[in-house]
Amino acid sequence: MIEKVNCKEEEVAEQLYSIWQTSYPVEKEMIGAEVFPPLDRSVLDFQSTENDFYAYVIDHQFAGVIEVARIEDYIHLQSLVVHPAHFRKGIASALIKHAMKAHASVKYSVETGYENVPAKRLYESFAFRETKVYDTGYGVKKIRFELKL
């Protein structure tokens, strides 16, 4: 069900764009943001990144995606989206487990909107701990979590 996908391929990049445009408005509303940069990503942005993407696929469609960035001595879970039709089915947890297995590290990080309570609970369930709370330049309060093994 979970597979690494090649974001350089146009069809894959278009599916990534589509699930971003479907999933992130839910978070944008939840946290009360007026500006939300993840929604500004284009198909070309997905094709030009060096990050890795893993998709949870149901009936040839992306039900969820995790984006993983390698940053010096740790792994950053850059993005985690689940299609609203598949909320609360364990997809986000499965993607995190898969990403951590595929990218073994002694340190992981992730960030989310401070008001995104479901995401905060999810990361805490994996033993991620809050390391920073900050305001962005676009009016969103964010929280950073880290996990050290």
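For the sequence shown, the residue numbers in my numbering are 342 to 490.
Here a beta-carbon is modelled for each residue, glycine too, at the ideal position from N, C-alpha and C.
Distance check between residue 424 and each of 354, 486, 352 and 368 places 368 closest, using alpha-carbon atoms only. In the three-state DSSP reduction, residue 417 falls in the strand class (E or B).
Boundaries of the alpha helix (DSSP H) harbouring residue 351: 351-372, taken from the DSSP string.
Within the same chain, Cβ atoms closer than 7 angstroms to the Cβ of residue 355 are found at 384, the five residues on either side in sequence being excluded. Within its own chain, the residues whose Cβ lies closer than 6 angstroms to the Cβ of residue 374, once the five positions on either side in sequence are excluded, are 481, listed in chain order. Rounded to whole angstroms, the gap between the alpha carbons of residue 468 and residue 440 is 15 angstroms.
Residue range 384-389 is occupied by the alpha helix (DSSP H) that includes residue 384.
If you look at residue 488, you'll find it in the beta strand (DSSP E) that goes 482-489. For residue 462, the enclosing alpha helix (DSSP H) begins and ends at 458-466.
If you check the CB distance, residue 449 and residue 415 come in under 8 angstroms. If you check the CB distance, residue 386 and residue 345 do not come in under 8 angstroms. Ranked by how close their Cα comes to the Cα of residue 471, the residues 478, 460 and 389 have 460 in first place. With fewer than 16 other Cβ atoms inside 10 Å of its own Cβ, residue 445 counts as exposed. Cβ contact annotation for residue 419 (same chain, cutoff 7 angstroms, sequence separation greater than five): 392, 408, 409 and 410, in chain order.
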